[in-house]
Amino acid sequence: MTLSPPRLSGFDLRLACTPGITDVERLHRMRWHESALAAEERAFRRSVDAGILRLFRSGPVGEHGVADMKWYYRNRLIGSVPGKNIIADIYALSPERCPFCQAGTPSTLEHMFPKALFPWLAVEPGNLAPACKDCNLDRNEGNGHSSPNVYADTWISDHIWLTATSANSGDPAHLFFDIDAGCGVTPTQAELLRTHLNERKLRNRYRIRAKQSFSDLLSDIRESRRVRPMAGRILEDAVEDTLTSRLSARTADHGKNYWEAAALRVWVADFRSIDWEGLTPAVP
Ligand SMILES: [Zn+2]
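Be aware that the sequence shown starts at 2, since it is given in the working numbering, and climbs by one per residue.
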């Protein structure tokens, strides 16, 4: 989930994007905002460096501040050629997978401190992350919450905080995803992760994917049984090998908190109580 931060500062971004403003009055206002913007971005970066990002509070935003920053984001970052180049660089930090859900493809920019509440951070690159549409839209304007910061919250990779449990003992494909509050994170960090899971509707999205992943697993086992007929203990051993090698591959590729790694941990732990023979009848 953590990425190397963008090298560009908010100041660099505005150096590239501001010269295209043709409305003199707006240009004048942006120059007027610059000292407040720069001060806020400096304070934000200091909080990142000191590891106290959750204590960061926004400074006062004067008249026109919110509207001007929303305008700037929409027209000079999203809607200008230099802005689009900067966005392409941010997408390139995680080209294949959205860092928030590890499932979708990045196609939008996420404000981790929402721009409605932190307008001075609307174009601070350290506050902008590549995100898939589902993650960005589901969170809307952030509902007043900041999200985990994919550049600065490096503690996220230190613990196994995403857990899955079998929601129905008769149906191993049916999993329930949650945060493991006892995994070593602080109560504040657990709350941040829980909000992240809720706001992006990840429980449901992971549940659906886990169902599909289990069905793919059964197809693979069925195919193996077609090539080499297996039953009883031999089948169980083959399933255990498949599950453990898949778990280590997914963990190595996507991290301990990848949704499929969490699902595979449950199936590895429960594999002796699952009726693999009944679930994957040998193909004649
Ligand atoms: Zn996503």
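The beta-carbon is built from N, C-alpha and C at its ideal position, and this holds for glycine as well.
Would you give the residue range spanned by the alpha helix (DSSP H) that residue 83 belongs to? Per DSSP, residue 83 belongs to the alpha helix (DSSP H) from 82-92.
Mind checking residue 281: buried by the 16 CB within 10 Å criterion, or exposed? Classification of residue 281: buried, given that the 10 Å Cβ count is 16 or more.
Reference residue 218; option with closest CA among 180, 177, 256, 265: When only C-alpha atoms are compared, the closest one is 265.
Between residue 256 and ligand 1, is there a pair consisting of the residue's CB and a ligand heavy atom that are separated by less than 7 Å? Every heavy atom of ligand 1 is 7 Å or more from the Cβ of residue 256, so no.
Buried or exposed by the 16-neighbour rule on C-beta atoms within 10 Å, applied to residue 43: By the Cβ neighbour-count rule, residue 43 is exposed, with fewer than 16 other Cβ atoms within 10 Å of its own.
For residue 88 and residue 110, which I take to be in contact (beta-carbon distance under 8 Å), what is that distance rounded to the nearest angstrom? The beta-carbon separation of residue 88 and residue 110, rounded to 6 Å, stays under the 8 Å limit for a contact.
Helix, strand or coil at residue 180 [DSSP, three-state]: Taken through DSSP and simplified to helix, strand or coil, residue 180 comes out as strand.
Should residue 242 be labelled buried (16 or more other beta-carbon atoms within 10 Å of its own) or exposed? That one is exposed.
As a quick check of your reading: which residues have a C-beta less than 5 Å from at least one non-hydrogen atom of ligand 2, in chain order? Absence of ligand 2 is noted for the structure shown, with ligand 1 being the only ligands found.
Grouping DSSP H, G and I as helix and E and B as strand, with all else coil, what is residue 64? Coil at residue 64, not helix or strand.
For residue 158, I'd like the list of residues in its chain whose CB is within less than 7 Å of its CB, leaving aside the five on either flank, ordered along the chain. Within the same chain, residue 158 has close Cβ partners 2, 3, 256.
Can you confirm whether the stretch 184-201 touches the stretch 75-95 when touching is taken to mean that 3 or more C-beta pairs between the two stretches lie within less than 8 Å? No, the stretch 75-95 is not in contact with the stretch 184-201.
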